[in-house]
Amino acid sequence: MVARIKIVSGLDISEKRKPQDGRLTRIVDGEEYDVRVSILPTVYGEKTVMRMTKKRGLTREKKHLGLYPDDEMKLDAITHNPHGIILVTGPTGSGKSTTCYTVLHELNKETVNIITVEDPVEANVPGVNQVQVNVKAELTFASALRSILRQDPDIIMIGEIRDGETAGIAVKASITGHLVISTLHTNSTSASITRLIDMGVESYLIGDAVVGIIAQRLVRRLCTKCKIPHEATDREKEMIGVPQNESIIIYEPNPAGCDECNKGYKGRKAIYEIMPITSGIRKILHQKVTADEIQEVAVREGMNTLRMAGARNVREGITSIEEMVRVAYDMDEETK
């Protein structure tokens, strides 16, 4: 079975000692699916993981992202900047690519020159010049970016900022009048700033270059047919920000499920933490600050944290408190 997966993914079937990454595309019922394949040698044989994405699902309209109106206004304000860096952060499988492609879809006009550099190119977007990273040909994120800057782009999308060199070029591109969209693997918006500093980007440059950061997670939606209501306990009220003297009904999944769902859940929804880089945040970036201090300023200026977004979805019966805890609950935040 592994050999067959390797063949259809364009991998070397004779190589069993090294990790390999590949991809394949299949059309099922008229829908095109992209499958990313990762092969890892273990002591008991090769472990295979396949991640499937519906290609058309990546380029959706912004209204389908599941943003609340206040978060949508913040996202609009960030994406309408003529230049600067927009970062989308979160762990693997949190929907960052969908958000990036949706923003590109919104910004894609005939008068705008958009160039992307990706590894891999996950969806083909008409009217966008997409570059595939090829390490064997020495076409890395950094080398591709240097060439892209000579192509007179208006908007640049970088699949991921992985090192200081790529981060430095992205900062220079934003300061010289380009809008740069990229992803970063961090747990929160404030941690993205400290990560860039760790990569060697000067803090005063971050204040000038970055215009907004979006952190996100995916929570499972409760099945509307069989979710089970119960009155929140004192502990649960504390977790979702409800006063102890108020009563509130929240929901939990039905472990048995129904014909419509999988053990009480059906589908997923993104929750967001959107941090515009305000003058207040820029001011403290000139000092040596921690991620917690940056977050405190952002929350004072109106940012909703991932935990707040998760709690809001629990209060509205969209997801369960277990899902909120799984993806967004921070014990350190509770003890502050």
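According to the numbering used here, the sequence shown is numbered sequentially starting from 33. The C-beta atom is built at its ideal place from N, Cα and C for all residues, glycine as well.
### Message
Give me, in chain order, the residues of the same chain whose beta-carbon lies closer than 6 angstroms to that of Asp53; leave out the 5 immediate sequence neighbours on both sides.
### Response
The residue given as residue 53 occupies position 21 in the sequence shown. Contacts found: Ser70.
### Message
So, under 8 angstroms CB-CB, Glu355 and Val274 are touching, yes? Tell me the CB distance rounded to an integer number of Å.
### Response
Working through the sequence shown from its first residue, we reach residue 355 at position 323. Working through the sequence shown from its first residue, we reach residue 274 at position 242. Contact flag wrong, Cβ pair sits at about 17 angstroms.
### Message
According to DSSP, is Ala145 part of a helix, a strand, or is it coil?
### Response
Translated into the one-based positions of the sequence shown, residue 145 becomes position 113. Looking at the sequence itself, residue 145 is Asn, so the reference to Ala does not match. Coil.
#### Entry: Own chain, CB closer than 8 angstroms to His318, minus 5 neighbours either side, in chain order
Here residue 318 refers to the residue found at position 286 when the sequence shown is read from its first residue. The residues are Ser235, Tyr236 and Gly239.
### Query
What are the boundary residues of the alpha helix (DSSP H) that includes Gly239?
Residue numbering aside, residue 239 sits at position 207 when the sequence shown is read from its first letter. Its alpha helix (DSSP H) spans residues Ser235 to Ala241.
### Delimiting residues of the alpha helix (DSSP H) encompassing Asp44
Mapped onto the sequence shown, residue 44 falls at position 12. Run containing Asp44: none; DSSP gives neither H nor E here.
### Contact the stretch 343-359 vs the stretch 274-291: 3+ CB pairs below 8 angstroms
yes
### Query
What beta strand (DSSP E) runs, 3 residues minimum, are completely inside the stretch 207-280?
211-216, 242-254 and 260-263
### Query
Residue ranges of each beta strand (DSSP E) run of no fewer than 3 residues wholly in the stretch 273-353, ordered along the chain?
281-284 and 297-308
### Query
Can you tell me the Cα-Cα spacing of Asn277 and Lys141, whole angstroms?
Position 245 of the sequence shown, counting from 1, holds the residue named residue 277. Position 109 of the sequence shown, counting from 1, holds the residue named residue 141. Rounded to whole angstroms, Asn277 to Lys141 spans 52 angstroms at the Cα level.
### Query
What residue does the beta strand (DSSP E) around Met84 start on, and which one ends it?
Translated into the one-based positions of the sequence shown, residue 84 becomes position 52. Note, Met84: beta strand (DSSP E), Gly77 to Lys86.
#### Entry: Burial state of Thr218, where buried means 16 or more other Cβ atoms lie within 10 Å
Start at 1 with the first residue of the sequence shown, and residue 218 comes out as number 186. So Thr218 ends up on the buried side.
### Query
Which residue from Ile260, Leu99 and Thr148 puts its Cα closest to that of Gln162?
Within the sequence shown, the letter at position 130 stands for residue 162. Minimum Cα distance to Gln162 is reached at Thr148.
### Query
Starting from Pro101 and walking both ways along the alpha helix (DSSP H), at which residues does that stretch end?
Taking the sequence shown and counting its residues from 1, the one referred to as residue 101 is at position 69. Note, Pro101: alpha helix (DSSP H), Pro101 to Thr111.
### Message
Do Val160 and Asp151 count as a contact pair if the criterion is CB distance below 7 angstroms?
### Response
Within the sequence shown, the letter at position 119 stands for residue 151. Within the sequence shown, the letter at position 128 stands for residue 160. No, these two residues do not count as a Cβ contact at 7 angstroms.
### Task
Measure the Cβ-Cβ separation of His210 and His137 and say whether it is below 7 angstroms.
In the sequence shown, counting from the first residue as 1, residue 210 sits at position 178. In the sequence shown, counting from the first residue as 1, residue 137 sits at position 105. The answer is no: Cβ separation not under 7 angstroms.
### Query
With Glu64 and Lys87 assumed to form a contact (beta carbons below 8 angstroms), what rounded beta-carbon distance in angstroms separates them?
As a first step, residue 64 is located in the sequence shown; it is residue number 32 there, counting from the start. As a first step, residue 87 is located in the sequence shown; it is residue number 55 there, counting from the start. With a Cβ gap of about 5 angstroms, Glu64 and Lys87 count as contacting.
### Task
Rounded to whole angstroms, what's the CA-CA distance from Glu325 to Ser311? Just pull it up for me.
By one-based count along the sequence shown, residue 325 stands at place 293. By one-based count along the sequence shown, residue 311 stands at place 279. Spanning the two alpha carbons is a distance of roughly 15 angstroms.
### Query
Going by other Cβ atoms of all chains shown within 10 Å of its Cβ, with 16 needed for buried, is Met271 buried or exposed?
By one-based count along the sequence shown, residue 271 stands at place 239. Buried.
### Query
Cα separation between Val359 and Thr130?
The residue labelled residue 359 in the question sits at position 327 within the sequence shown. The residue labelled residue 130 in the question sits at position 98 within the sequence shown. If you take the alpha carbons of Val359 and Thr130, they lie about 18 angstroms apart.
### Task
Please name the residue, chosen from Thr215, Gly122 and Ala330, that lies closest to Met189 on a Cα-to-Cα basis.
As a first step, residue 189 is located in the sequence shown; it is residue number 157 there, counting from the start. Of the candidates Thr215, Gly122 and Ala330, the one whose C-alpha sits nearest the C-alpha of Met189 is Thr215.
### Query
Distance, Cα to Cα, Val329 vs Val120?
Position 297 of the sequence shown, counted from the first residue, corresponds to residue 329. Position 88 of the sequence shown, counted from the first residue, corresponds to residue 120. Their Cα atoms are separated by approximately 20 angstroms.
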